[in-house]
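Student: Quick note: the sequence shown uses the UniProt record's numbering, first residue 1, plus one each step. Shown below is the structure under consideration.
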Amino acid sequence: MVLESFQVGEGDVPTVLLHGFLGTGRNLRSLATAWSAADPRRRFLLPDLTGHGASPVPPPGSDLFSMARDVVDTARAQGFAGALHWVGHSLGGRVSLAASLHVPEAVAHVSLLDIAPGPVPYDLSDSGMVLGILLQAPPRAPNRKDMRTELTSRGLSDHLADWLVMNLMPEGDGVRWRFDRQALAELHSRVNGTDLWAAVEHPDRPPMRAVRGGRSRYVSDAEAARLEAAGCPVTTFPNAGHFVHVDSAKELLEWLLRE
C-alpha cells in the first residue's frame with residue numbers, strides 16, 4: 001500500500017520520520033525542516049501512517065508489520081533506495097522496530113522517540129483516552145471550531161483538541177473526520193499489544209538509540225535499563241513530556257545530529 005506523504009531535503013541519506021497514533025506526517029514537518037537545514041545530506045520522507053491523515057484505511061488484520069511494509073512500499077515508490085534511517089515517535093517508533101524484524105534489509109538505523117518495545121498498557125496510553133473521546137464525537141460538524149468545542153466538552157485538553165481537529169477535512173457545508181475512527185480503534189488495540197523486544201535484543205539488529213521525556217510515562221526506568229543492557233543507549237530530556245519533538249525541540253535536534 002502506498003501512503004500519502006511529502007518530502008523535505010534533497011540529500012542522499014534516506015530518512016523516514018514517523019508520527020504517533022492519531023497524528024500525520026505534518027506533525028514532524030518542523031523537525032524535518034530544522035534537521036535538513038543542519039544536515040543537508042539527508043532526504044526525509046514523512047508519510048501519514050496507514051489509517052492516518054489522508055492515507056488509506058487499514059485493511060482487516062493490519063498490524064505493525066503490515067504498517068512497516070506500507071512505509072517501505074511508499075519509500076520505494078518515491079525513489080528512496082537501499083536501507084533507510086527510521087525515526088519514529090510513539091507509534092512511529094513501534095513501526096520502526098517492526099520494520100527491523102519484518103523488512104531488515106530496509107533498515108539502516110532506528111531512533112525511538114519516547115516509546116518502549118513492550119506492549120503499551122491501556123491506562124498508560126494517552127492515545128487510548130483520546131481515541132475514546134474521538135469515538136464519542138459526531139462524524140461531522142459545521143466547522144472546526146464547533147468540533148473543537150465538542151471535544152473539549154468531553155474532557156479533552158485545548159492542546160489535544162487543537163491537534164486532533166487537524167484531521168478534519170471540508171465536506172459540503174461542514175467538516176468531517178479524514179480517517180475511519182472505528183478502523184483506528186481496532187488497529188489501536190492490536191499495535192499496542194505487540195511485544196517488540198526481539199527487535200532490540202536481536203544479535204544482528206541495526207544500530208538503535210532512544211530518547212525519552214522525563215515527564216512522560218511511556219519509557220519506565222526498568223525499560224530504559226533493559227534498552228541500555230541490549231546496547232540501545234537511552235537519553236532523557238528532563239523537561240519533556242511524551243511529545244519530545246515539541247517540548248525539547250532544540251535538544252532533540254542536537255541529539256539526532258550526534259548519530
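Every residue, glycine too, gets a C-beta built ideally from N, C-alpha and C. Every value quoted in this text rests on a predicted model; they were computed, and no experiment measured them.
Buried or exposed for M169, going by 16 or more other Cβ atoms inside 10 Å?
Tutor: M169 comes out exposed.
Student: If you count every other CB in all the chains shown that lies within 10 Å of the CB of G93, and 16 or more means buried, which is it?
Tutor: Buried is the call here.
Student: For F44, which of helix, strand or coil comes out of DSSP?
Tutor: Of the three classes helix, strand and coil, the one that applies to F44 here is strand, per DSSP.
Student: Leaving aside the five residues before and after R205 along the sequence, list all residues of the same chain whose C-beta is less than 7 Å from its C-beta, in chain order.
Tutor: Result list for R205: S100, A199, in chain order.
Student: Over what stretch of residues does the alpha helix (DSSP H) that includes R217 continue unbroken?
Tutor: No alpha helix (DSSP H) contains R217, which DSSP labels as neither H nor E.
Student: So S55 and P47 are supposed to be a Cβ contact under 8 Å. How far apart are they, rounded?
Tutor: Rounded, the Cβ-Cβ distance is 7 Å, consistent with contact.
Student: Let's see if you can read the secondary structure: which residues bound the beta strand (DSSP E) around Q7?
Tutor: Counting along the chain, the beta strand (DSSP E) containing Q7 begins and ends at 5–8.
Student: Taking a contact to mean a Cβ-Cβ separation below 8 Å, would you say R190 touches D63 in this structure?
Tutor: In contact: R190 and D63 (Cβ atoms closer than 8 Å).
Student: With a cut-off of 8 Å on the beta carbons, I'd call A75 and V16 a contact; round off their distance for me.
Tutor: Confirmed, Cβ separation roughly 6 Å.
Student: Which whole-angstrom value describes the C-beta separation of G214 and F243, a residue pair presumed to lie in contact below a C-beta threshold of 8 Å?
Tutor: So it is not a contact: roughly 13 Å between Cβ atoms.
Student: Who pairs with W86 in a beta bridge, going by DSSP?
Tutor: For W86, which the question treats as bridged, DSSP gives the partners V16, V110.
Student: Please state if the CB of F44 and the CB of A34 are separated by a distance shorter than 8 Å.
Tutor: Against a cut-off of 8 Å, the Cβ pair of F44 and A34 comes out as no contact.
Student: Looking at C-beta atoms only, is the number of pairs between the stretch 108–122 and the stretch 218–227 that lie closer than 8 Å three or more?
Tutor: Flag = yes, the stretch 108–122 and the stretch 218–227 touch.
Student: Is H19 closer than 8 Å to F179 when the C-beta atoms are compared?
Tutor: Taking 8 Å as the Cβ cut-off, F179 and H19 do not qualify as a contacting pair.
Student: May I ask which residues mark the beginning and end of the beta strand (DSSP E) holding L151?
Tutor: No beta strand (DSSP E) contains L151, which is instead part of the alpha helix (DSSP H) from 144–153.
Student: Which complete alpha helix (DSSP H) runs does the stretch 170–240 hold, if anything under 4 residues is left out?
Tutor: Listed in chain order, they are 181–192, 197–201, 221–229.
Student: Do A38 and L196 count as a contact pair if the criterion is CB distance below 8 Å?
Tutor: Result no, Cβ atoms of L196 and A38 do not sit closer than 8 Å.
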